[in-house]
Amino acid sequence: MATFFRTTLSYIILLFYLFSSGNLTLVVLYMYDFGLIQRVVPLGINYGQVGNNLPVPEKVVDLLTSLKITKSRIYDTNPQVLMAFANSSIELIVTVENEMLGVLVDPQQALQWVETRIMPYFPTTKITGISVGNEIFSTEDTRLISNVVPVIIAIQEALVQLGVDSYIKVSTANSLAVLENSYPPSAGTFKEELSGVMHPFLQFLANTGAPFWINAYPYFAYKDDPTRISLDYVLFNNHLPTDSSGSIMVDPYTKLPYDNMLYAQVDAVIFALSRIGFGGLEVRVSETGWPSKGDADEVGATIENAQTFNRNLLRRQMRGEGTPLRPNQRLEIYLFALFNENMKPGQTSERNYGLYQPDLSMTYNVGFTSLSSSTATSTSTSTSTSTSSVSFTSSSATITKVSKLNLNHK
1 MATFFRTTLS YIILLFYLFS SGNLTLVVLY MYDFGLIQRV VPLGINYGQV
51 GNNLPVPEKV VDLLTSLKIT KSRIYDTNPQ VLMAFANSSI ELIVTVENEM
101 LGVLVDPQQA LQWVETRIMP YFPTTKITGI SVGNEIFSTE DTRLISNVVP
151 VIIAIQEALV QLGVDSYIKV STANSLAVLE NSYPPSAGTF KEELSGVMHP
201 FLQFLANTGA PFWINAYPYF AYKDDPTRIS LDYVLFNNHL PTDSSGSIMV
251 DPYTKLPYDN MLYAQVDAVI FALSRIGFGG LEVRVSETGW PSKGDADEVG
301 ATIENAQTFN RNLLRRQMRG EGTPLRPNQR LEIYLFALFN ENMKPGQTSE
351 RNYGLYQPDL SMTYNVGFTS LSSSTATSTS TSTSTSTSSV SFTSSSATIT
401 KVSKLNLNHK
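The numbers in the sequence shown follow UniProt numbering, run straight up by one, and end at 410.
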């Protein structure tokens, strides 16, 4: 006991000294070491359920909690899942299934949906976001596309009526295919055919403070053209400013260097938003990942590449990185996915994005345990680049090994 008190007193004296000297970084380090701050992984993760052999939701919550993951996203409002997440520390984004939009365009139906799908579980289950559909703007269903904004507004009005709009944000998750151009990032533009729905959608986000969610997969760009895209560039293997691999991309207009494709994709979205007057919106990555297995024509879908991509991404998240365009704003990212899902249609890769197998064994070790034990403190000295000061004239890019490509993944 005496040893404990002496140790405690030593920590208190040291913390007092560090506070008085203004060394806040060391203060945080020592508070982590002494257990005064709980270590958490700042990366979110998508919990898909398209499988017939997945663990029960209660075991999923136990897994996420053990990994110190505090953010997750699901693709429905499964009551069993929502109940399992009750009283946990995990914030949850839920989804309105695409097929529900035709019904919820009616404000009364939207109110009933919120009353029956959200309110029985909130706030015991920490629901923080509602995604109205997934990648709808990239479909060819014009009626479905036209329903997105009315449903978003109807659900928002229901949240306001029920007094929970300040706790739950409403948006929709978008494929990178909403962009007409994404290379170089400063040339980012939305597809012209989406202009009729994109402006009111973005105005809604600006009015409510909700984020723009983007599903961005460097894997797809690499798979489509592996001879011209550097694998190191898409796997986060480069490190500015000392990288010598020759796969750094420099935007010719902003002169910003990019050592990985994901950040370039996100900045392309930010430029597209800025180009139509919504550069102040926060962009969050609602999905990104890498498959551990694929068909013969799915180049790069290997366990080694999946492990490298996700491990490197996790390390950058632990450092609190932003993109070159917004270096001082940490980029929020949700990894896809928690489990391999054996009933997903499509090519083999679609069923092999999981960090874990359904039996809760690791597909590969991404390093959650070791990295969650390190600090997430980041001290950036960069100055954020204002998109309002960037010229949108066109020019050719300065790039080595990464040729002029559209980085849209689908």
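No residue lacks a Cβ here, since even glycine has one placed at the ideal position from N, Cα and C.
The structure displayed is predicted, hence computed values, not measured ones.
For the set 170, 331, 72, 198, the Cα lying nearest the Cα of residue 88 is the one of 72. Around the C-beta of residue 316, 16 or more other C-beta atoms lie within 10 Å, and the residue is accordingly described as buried.
For a cut-off of 8 Å, the C-beta gap from residue 119 to residue 162 is around 6 Å, short enough to register as a contact. Residue 311: member of the alpha helix (DSSP H) spanning 303–318, first to last residue. Taking C-beta atoms under 8 Å as the contact rule, residue 179 and residue 169 fail to qualify, at a distance of about 23 Å. Straight through space, the alpha carbons of residue 137 and residue 194 are spaced by roughly 7 Å. Where residue 113 is concerned, the enclosing alpha helix (DSSP H) starts and stops at 107–117. Between residue 298 and residue 353, the alpha-carbon positions lie close to 13 Å from each other. About 7 Å separates the beta carbons of residue 285 and residue 332, which is inside the 8 Å limit, making them a contact pair. Beyond the five residues adjoining it in sequence on each side, residue 152 comes within less than 8 Å, by CB distance, of 132, 170, 171, 172, 201, 204 in the same chain, given in chain order. For the set 184, 223, 140, 206, the Cα lying nearest the Cα of residue 276 is the one of 206. Positions of the alpha helix (DSSP H) runs, each at least 4 residues long and wholly inside the stretch 127–214, are given as 142–161, 195–208 in order along the chain.
Under DSSP, the beta-bridge partners assigned to residue 287 are 215. Taking 8 Å as the cut-off, the beta carbon of residue 44 is found no closer than this to the beta carbon of residue 341.
The beta carbon of residue 189 sits closer than 7 Å to those of 179, 180, 181, 272, 275, all from its chain and outside the five residues before and after it, given in chain order.
Under DSSP, residue 46 takes part in a beta bridge, and its partners are 73.
Cβ-Cβ distances below 7 Å link residue 347 to 294, 295, 298 in the same chain, with the five nearest sequence neighbours on each side left out; the list follows chain order.
Going by beta carbons, residue 215 and residue 287 fall inside the 8 Å limit. Between the alpha carbons of residue 142 and residue 102 lies a distance of about 12 Å. Inclusion of residue 309 and residue 236 in the CB contact set at 8 Å is warranted, their separation being smaller than that value. Excluding the 5 residues flanking it on each side, residue 147 has same chain C-beta neighbours closer than 7 Å at 101, 102, 105, in chain order. In this structure, residue 128 keeps its C-beta atom at 8 Å or more from the C-beta atom of residue 159.
Under the DSSP assignment, residue 334 falls in the beta strand (DSSP E) whose first and last residues are 333–335. Judged by their CB atoms, residue 48 and residue 339 are nearer to each other than the 8 Å cut-off. Under the three-state reduction of DSSP, residue 61 is assigned to helix. Between residue 84 and residue 114 a beta carbon distance of about 20 Å is seen, past the 8 Å cut, so the two are scored as non-contacting. Per DSSP, the unbroken beta strand (DSSP E) holding residue 93 starts and ends at 91–96. Taking the Cα positions, residue 54 is about 12 Å away from residue 361.
A straight line joining the alpha-carbon of residue 300 with that of residue 126 spans about 37 Å. At the C-beta level, residue 280 and residue 336 stay beyond 8 Å of one another. Each residue's CA atom was taken as its position, placing residue 157 and residue 111 some 8 Å apart. Nearest to residue 184 by alpha-carbon distance, out of 198, 260, 99, 59, is 260. Taking all protein chains shown into account, residue 223 has 16 or more neighbouring C-beta atoms within 10 Å of its C-beta and is therefore buried. Counting along the chain, the unbroken alpha helix (DSSP H) around residue 271 starts and ends at 261–275. In the DSSP assignment, the residues bridged to residue 257 are 250.
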